[in-house]
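Everything on this sheet refers to the single structure shown next.
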Amino acid sequence: MKRLALTAALTAIMAGLLSAQVPFDRLLRAVDEPQNWLTYNGSLQSTHYSRLNQITSENVANLSLKWVWQAQSLEKFEATPLVVDGVMYVTEPPNTVAAIDTGTGRPYWIYQYPMPETTYVCCGNVNRGLAILGNTLFLGTLDAHLLALDATTGRKKWDTKVAEYTHGYGITVAPLAVKDKVIVGPAGGERGIAGFLAAYDAQTGREVWRFNTTAHPGEPGNETWAGDSWKTGGGSVWVTGSYDADLNLVYWGTGNPGPDWNPALRKGANLYTDSVVALDADTGKLKWHYQFTPNDEWDFDSVQVPVLADITWKGQPRKVILWGNRNGFFYALDRTSGEFLLGKPFVKQTWSSGIDEAGKPIKAPGKSPSVAGTDAYPGVQGGTNWYSPSFSPGTGLFYLTAWEDYHTTYFQWDQNYEPGKSFTGGAARAPFQSLKRDPFIKWGPEWGYGVVRALNPATGEKVWDYKMRDVSDAGILTTASDLLFSGNREGYFFALDAKTGKELWKCYLGSQVASAPITYTVDGVQYVSIAAGHSLFTFGLGRTGELRH
Amino acid sequence: MNRRVARIALLCCFGTGWLGAQDHTNVIRNPFDTPEDVAAGQRSFRSQCAACHGPDASGAAGPSLTTGSFRHGNSDEALYTVITKGVEGTPMVAFKLDGREVWQLISFLRSANVAKGAGQAPGNPGRGAQIFNDSGCAQCHTAGKPGGFAGPDLTYIGSRRSLIQLETALLDPSAEVDPDYWSLRGRTKTGQTITGTRMNEDTDSFQILDSSGRLRSVWKADLATYEILRTSPMPSFKGKLKPSELEDLVAYLATLRGPSGREGQQ
């Protein structure tokens, strides 16, 4: 009896130690603990801004490599890690999770999800990251399951099937934890899925609510789909959304309608594809939406990170969402009401002749995909894409990775839907391979190039450019010391002056950067980490290889 | 008929995951290679592959599949594996197709490569080979047997270029120069002239094979001026060969389809 009591007491102590490591309150105030990186986007406002300021324009040139984590996979490393109280949690492709000591780079545990023999996602077996709530990590898998893992041991707590992967559904997005729920949605915009966002009870994995991104019969918006085209209408979910606690709204960007390049097969605006949706966090009910590209013809997924900023708009403080869209336009929306405030091209675009006062884009004539092929700007990877942008309250600027002067020839043909198979209704031919390439840059600069671009969020006007020879798939981090960190396909990781765009430091990592940098502290010392190629690199001030423990 | 049935039986083994256990001394042959299969393969290609590999398989987000050789193996078996299993580390994922569809796709890819290559040339390839040797072409080109490296390797050129493309390349070498053979011409801030074949480039630097045959890297910041030349250093044969000799040389180039002589094999 005595022994039982002791065991019970120990269990209670252990439970106390292991649970509530990251209660939701910490996620709400993530910006106040810059020593950590608690969500995919750094905070629920998704600004990719840190208050850390030890690394400055004066000393950034002294950054040195501390440690490298090498993934076992050859797939593209697209993940943004989490850092929680000295432990980094990162996903390696396809669906492996590693818990790493931030001081030494040594792993505590590795969890390997048992993958099916084949998966059916469109564009590489990638994963973008995790969410944490309490002492639980949440992982979406390529076979469309949502897993809860114990953050201390890496052991599985529960496993919920989200969708049928053999029909083209898969999860690549880092989940978002809001209150007591975890929100995810499926990728599969090129597989004829019917997309959705769904919230799951963080304790049990039970589905609590679901919002359909292709409106089903009986739901508002279904009238924007001809016939049954909503059933294969896409609206995929593959980049993490944001949350405003004051409004209790979750904001999320949605993917392209399917088939991608044949809008005749899905006549209508195709709600809620290529949109931002504002959902009640408790019920999943739609509060408002804004559709960036109605009846999209060019694969302009609007999956970008919704950046929540409080700016001065026409002399008044305003709660806005800032959005650099794949369609080449920069937008500012009122995030309380969804009111359209601003839409202005940030790269060369030819598909639209402008946006009317109500915020609806006007399609330019002669730019639709065709059997013979039609050239249009931006190209199929967009003016920007899923790369995390940043808003710095210090500089007041919005930063994004953009593909400038970049076009594609868009083709169109009929296509029948078959479950799990490609469903694109055409093709897109760009001047260079747009997803992943060998390390050579040989095309002419007239075919497009990459920039880190700083915009005035109140006007959409360009403030400065950092021009690169190659395009870039890297996200952006800004800090309180007015530094900007990013990378590119050339394999460079670099730091810029966030006020001017001047290059301050650069390091060659040997392969494509297709992730976003993060910053945090180890024993009070600021570090910066970035994934490139198949590895994750960590930098800090001081001697190369000098570890803290 | 019996042979076809046997091959279909073999196909069923693929479907049950037996491929990895095959005795590789037995060559797996495509059981669906009729013109109807090619047409069906083309339809499947459009719906399943063209989004990445382009409407005519000549490349887009993914690589061209009409160069005559495939990066992950040229055999039917290798192509079958790539299509059904994907390629780790690339956006090429596994495709949910039944075995017949996969074989038809392979038949289409084979036909696309043949179609892109040179057809029957009217000239005499033997005399063309002599002209090739006498003209010093091998100083810059490899063509099956060892030659120079300054120009493109011509070992497979017959399966990658049409007759008219071959003739144009001889008469007007600068008409279409692959970016692999663009050259850098620049002057450093200290007045040194730099020329060479541009092998790579990024925001800050060029990697070149310079005119002395040395591999070197050049910082753009050290260059006062530079330009990328998209012309070929190869001399034109215009006016230097009789029409019949030109036909012979084109006919010889059209026979260059790799060591085995088989389309698409390497």
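Just so you know, the sequences run in chain order Z and R. Residues in the first sequence are numbered consecutively from 1, following my numbering. Residues in the second sequence are numbered consecutively from 1001, following my numbering. Ideal placement from N, C-alpha and C gives every residue a C-beta, glycine not left out. Please read these numbers as outputs of a predicted model, since none were measured by experiment.
Close Cβ partners of R:Thr1025 (< 7 Å) along its chain, the five nearest in sequence each way excluded: In this prediction, R:Thr1025 scores a pLDDT of 47, lower than 50, which makes its location untrustworthy; no coordinate-derived value is stated.
Unbroken alpha helix (DSSP H) run spanning R:Ser1044, endpoints: 1035 to 1044
Classification of Z:Tyr508 by the beta-carbon crowding that lies within 10 angstroms, buried from 16 upward: exposed
Under 7 Å (Cβ pairs) to chain R, residues found in the region 409 to 443 of chain Z: Phe411, Trp413, Gln415, Gly420, Lys421, Ser422, Thr424, Ala427, Ala428, Arg429, Ala430, Gln433, Ser434, Leu435, Lys436, Phe440, Ile441, Lys442, Trp443
Extent of the continuous alpha helix (DSSP H) run through R:Tyr1252: 1243 to 1254
Where Z:Thr119 meets chain R, residues with beta-carbon distance less than 9 Å: Gly1086, Val1093, Ala1094
Selected residue, minimal CA-CA separation from Z:Gln70, among Z:Pro93, Z:Arg318, Z:Leu27: Z:Pro93
Simplified DSSP assignment, three categories, for R:Tyr1328: For residue 1328 of chain R there is no data in the structure shown, the boundaries of chain R being 1001 and 1266.
Residues in the region 464 to 475 of chain Z having any Cβ partner in chain R nearer than 8 Å: Lys467, Met468, Arg469, Asp470
Exposure of Z:Lys181, with buried meaning 16 or more beta-carbon neighbours within 10 Å: buried
Runs of alpha helix (DSSP H) wholly within the region 1096 to 1165 of chain R (minimum 4 residues, chain order): 1099 to 1116, 1125 to 1134, 1157 to 1160
Backbone CA spacing between Z:Trp413 and Z:Val371 [nearest angstrom]: 6 Å
Test: Z:Glu490 CB closer than 7 Å to a CB of chain R: yes
Whole-number beta carbon distance between Z:Phe485 and Z:Pro517, since they are thought to touch under 8 Å: 4 Å
At least three beta-carbon pairs within less than 8 Å, the region 1163 to 1181 of chain R to the region 1243 to 1252 of chain R: yes
Z:Thr384 - DSSP class collapsed to helix/strand/coil: coil
Inter-residue spacing [alpha-carbon to alpha-carbon] between Z:Tyr40 and Z:Arg453: 22 Å
Exposed unless 16 or more other CB atoms sit within 10 angstroms - verdict on Z:Phe24: buried
Burial state of R:Trp1103, where buried means 16 or more other Cβ atoms lie within 10 Å: buried
Chain B within 7 Å of R:Gly1054, Cβ atoms only: The chain labelled as chain B is not found among the protein chains of the depicted structure, namely Z and R.
Z:Gly373 versus Z:Tyr410: straight-line alpha-carbon distance, rounded: 5 Å
Same chain only: Cβ atoms within 7 Å of Z:Gly565, ignoring 5 sequence neighbours per side: In the structure displayed, chain Z extends from 1 to 549; residue 565 of chain Z sits before or after that span and is not available.
Check whether Z:Ala194 and Z:Trp209 have beta carbons under 7 Å apart: no
Whole-Å CB distance - Z:Thr478 paired with Z:Ser390, under 8 Å assumed: 5 Å
Under 7 Å from the C-beta of R:Ala1060: neighbouring residues of chain Z: Ala427, Ala428, Arg429, Ala430
Closest Cα partner of Z:Gln112 within the set Z:Arg155, Z:Glu78, Z:Met88, Z:Cys123: Z:Arg155
Inter-stretch contact at 8 Å, needing at least 3 Cβ pairs: the region 261 to 272 of chain Z / the region 49 to 63 of chain Z: no
CB contact below 7 Å: R:Ala1050 versus chain Z: yes
R:Arg1100 to Z:Lys467 span [Cα, whole Å]: 48 Å
Cβ of R:Asp1202 within 7 Å of any chain Z Cβ: yes
Beta-carbon proximity list for Z:Asp150, same chain, < 7 Å, skipping 5 on both sides: Asn135, Thr136, Lys157
Terminal residues of the alpha helix (DSSP H) in which R:Ala1051 lies: 1050 to 1053
Minimum Cβ-Cβ distance from R:Pro1125 to chain Z less than 7 Å: no
Per-residue contacts from R:Pro1179 into chain Z (C-beta, under 7 Å): Lys442, Trp443
Within chain R, the residues that Z:Glu190 reaches when beta carbons sit closer than 8 Å: Ala1051
Z:Gly460 to Z:Glu357 span [Cα, whole Å]: 16 Å
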